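Numbering-wise, the sequence shown is residues 1 to 368 according to this note's numbering.
As structure tokens, the structure follows; a few thoughts come after it.
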Amino acid sequence: MNKEVLLFVMHELSVGGAERVVSNLVNNLDREKFDIHLCLFKRKGALVETLADDITLHDLKASRVITAGHKLFWLILRLKPDVVFSGITHVNLLIGSFIPFLRPFCIHTRFVTREVNIPSARAEHLSRSKRLDRFYRHFIHNFDFIIAQSDFMKRDIIRSYGVDENSITVVNNPIDFKVIEHSLHDEKSGRALLETDKTTILAVGNLRRQKGFDILLRTMTLLNDGFHLYILGEGKERTLLEKMIDELNLSEKVTLLGFHKNPYIHMKNADMVVLSSRYEGFPNVILEANACGRFVIAFECPGVSHEIIENNVNGLLVECGNDKELAEAIEKYADIVHDEDIIKETTARYRVGNIVKAYEKVFLKLKK
Numbered sequence: 001m002n003k004e005v006l007l008f009v010m011h012e013l014s015v016g017g018a019e020r021v022v023s024n025l026v027n028n029l030d031r032e033k034f035d036i037h038l039c040l041f042k043r044k045g046a047l048v049e050t051l052a053d054d055i056t057l058h059d060l061k062a063s064r065v066i067t068a069g070h071k072l073f074w075l076i077l078r079l080k081p082d083v084v085f086s087g088i089t090h091v092n093l094l095i096g097s098f099i100p101f102l103r104p105f106c107i108h109t110r111f112v113t114r115e116v117n118i119p120s121a122r123a124e125h126l127s128r129s130k131r132l133d134r135f136y137r138h139f140i141h142n143f144d145f146i147i148a149q150s151d152f153m154k155r156d157i158i159r160s161y162g163v164d165e166n167s168i169t170v171v172n173n174p175i176d177f178k179v180i181e182h183s184l185h186d187e188k189s190g191r192a193l194l195e196t197d198k199t200t201i202l203a204v205g206n207l208r209r210q211k212g213f214d215i216l217l218r219t220m221t222l223l224n225d226g227f228h229l230y231i232l233g234e235g236k237e238r239t240l241l242e243k244m245i246d247e248l249n250l251s252e253k254v255t256l257l258g259f260h261k262n263p264y265i266h267m268k269n270a271d272m273v274v275l276s277s278r279y280e281g282f283p284n285v286i287l288e289a290n291a292c293g294r295f296v297i298a299f300e301c302p303g304v305s306h307e308i309i310e311n312n313v314n315g316l317l318v319e320c321g322n323d324k325e326l327a328e329a330i331e332k333y334a335d336i337v338h339d340e341d342i343i344k345e346t347t348a349r350y351r352v353g354n355i356v357k358a359y360e361k362v363f364l365k366l367k368k
């Protein structure tokens, strides 16, 4: 049987949600069925070192999107893969823009895109996304198939872009339990950081407005001194958050930990994990925290719903943006002992093996 040639395209492989999904896929797809190629605009990011040896890596050595686009166009033309897969916004836009020019020369190639955000939420919260959406609305129809991360996202894409229901399906994000389990035994990665006699709250994510850390800081002003918040991550809003911590007199109650390669040991050692996002594409943090046995209190925002959280089992949903309700939930659940095994069981459907099989089914179906 001839193997199907798959070309995955990403800008780099840093430790982000989209990058983790692609690295999990290329490392775990069935080698009997697929010949795996990975194209990076630049060979950069911690996940590059985790790639399997049998993956053909194409480094475009491009620092600018326009340079990458030119090189990528000719790479696709040369390889003529069965499937080209892109999984992050600016790469999706780039490939979507030149698919019509490739069609006459790559007649057997199918183009697949994985959407990373809720279109309506992205446009509402980011002014520049309104411009992006105008391009997306046009270029997304050039793809043969679209992967949505949740039913909510699928419905929103259809409603926002007028996509044919038959050209889109839902495949959740994979969680690599082996990596998490291994990381939990790496004691030197961060146990001491959360050592305190206070109730520890952990939040994880890039320091940007979408993640709602400003709301979380206001929530901390409503809690007594028996709680301490740790925020794991880096980003452009760090200075703004530091200023806010100072202005709200929270320096004794909040610690910005910065980026850590192993977030799982912190999740395990925290008393609870909180997600304060204004919107999400698909909240990997919830799944990863649950895989560590941790209860998650989250805002019920676009992308975070009862699809993922079952109230009082693996977490609790509260009104999006409501700092008072969030504070009350944190206080209520601080003293409740949750069954870690039951919490972990809720993540079984997100295991890498199950998600990889779902992707394989999509790729093989496109070949027929």
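Every residue gets a Cβ at the ideal spot worked out from N, C-alpha and C, and that includes glycine.
The structure presented is a predicted model; accordingly, all values stated were derived computationally and were not measured.
So who's on the other strand from residue i, going by DSSP bridges?
i	result
R351	I175
D225	According to DSSP, which records beta bridges pairwise, D225 is partnered with nothing at all.
D53	Beta-bridge pairing links D53 to no other residue.
H374	Because the chain is modelled from 1 through 368, residue 374 falls outside the range shown and cannot be assessed.
I168	I146
R31	DSSP output for R31 lists no bridge partner at all.
L256	I231
M272	I201
R114	I147
Compute the beta-carbon to beta-carbon distance between residue i and residue j, rounded to the nearest angstrom, for a pair I have assumed lies under 8 Å.
i	j	result
V15	K261	7 Å
I157	T113	Actually they do not touch by this definition, with Cβ atoms about 10 Å apart.
A270	R294	6 Å
S120	E307	About 17 Å separates the two Cβ atoms, so there is no contact after all.
S276	G315	No, S276 and G315 are not in contact; Cβ-Cβ is about 13 Å, not under 8 Å.
R303	F282	The amino acid occupying residue 303 in the given sequence is Gly; Arg does not appear at that position. Indeed they touch by this definition, with Cβ atoms about 6 Å apart.
T219	D323	4 Å
V21	G96	That belief does not hold up - the Cβ atoms of V21 and G96 are roughly 19 Å apart, past 8 Å.
I265	D335	Going by Cβ atoms, the distance from I265 to D335 rounds to 24 Å, so no, they are not a contact pair.
L51	N27	7 Å
V204	L229	With a Cβ gap of about 12 Å, V204 and L229 do not count as contacting.
M272	I201	6 Å
Straight-line CA distance for residue i to residue j?
i	j	result
K71	V84	15 Å
V352	I180	12 Å
N387	L216	Any property of residue 387 remains undetermined from this structure, which presents the chain solely from 1 to 368.
F41	F8	11 Å
L375	D339	Any property of residue 375 remains undetermined from this structure, which presents the chain solely from 1 to 368.
F227	E12	37 Å
I91	E331	In the sequence as presented, Ile is not what sits at residue 91; that position holds Val. Near 42 Å, if we compare the C-alpha coordinates of E331 and V91.
D214	V163	35 Å
I66	H37	21 Å
R278	A46	27 Å
P81	E19	21 Å
R110	N117	22 Å
L241	F299	19 Å
D54	N2	17 Å
L57	K33	18 Å
R208	R238	8 Å
R31	H182	25 Å
R103	L60	22 Å
Are the C-beta of residue i and some C-beta of chain B separated by less than 7 Å?
i	result
N312	You won't find chain B in this structure, because it holds only one protein chain.
**Prompt:** Do three or more CB pairs link the region 142-151 to the region 217-236 at distances below 8 Å?
**Reply:** No contact exists between the region 142-151 and the region 217-236.
**Request:** Enumerate, from N- to C-terminal direction, the unbroken alpha helix (DSSP H) stretches of 4 or more residues contained entirely within the region 58-105.
**Result:** Taken in chain order, the complete alpha helix (DSSP H) segments of 4 or more residues contained in the region 58-105 are 65-79, 89-102.
**Prompt:** Within the chosen definition, does the region 275-294 reach the region 244-254 through at least 3 CB pairs nearer than 8 Å?
**Reply:** Put simply, the region 275-294 does not touch the region 244-254. Fewer than three CB pairs are less than 8 Å apart.
**Message:** For a minimum of 4 consecutive residues, which ranges assigned as the alpha helix (DSSP H) are wholly contained in the region 292-360?
**Reply:** Look at the region 292-360 and you find these whole runs of alpha helix (DSSP H), each 4 residues long or longer: 323-333, 340-345.
**Request:** Count the C-beta pairs between the region 161-173 and the region 352-367 that are closer than 8 Å, then say yes if the count reaches three, no if not.
**Result:** Yes: the two stretches touch, three or more of their Cβ pairs being nearer than 8 Å.
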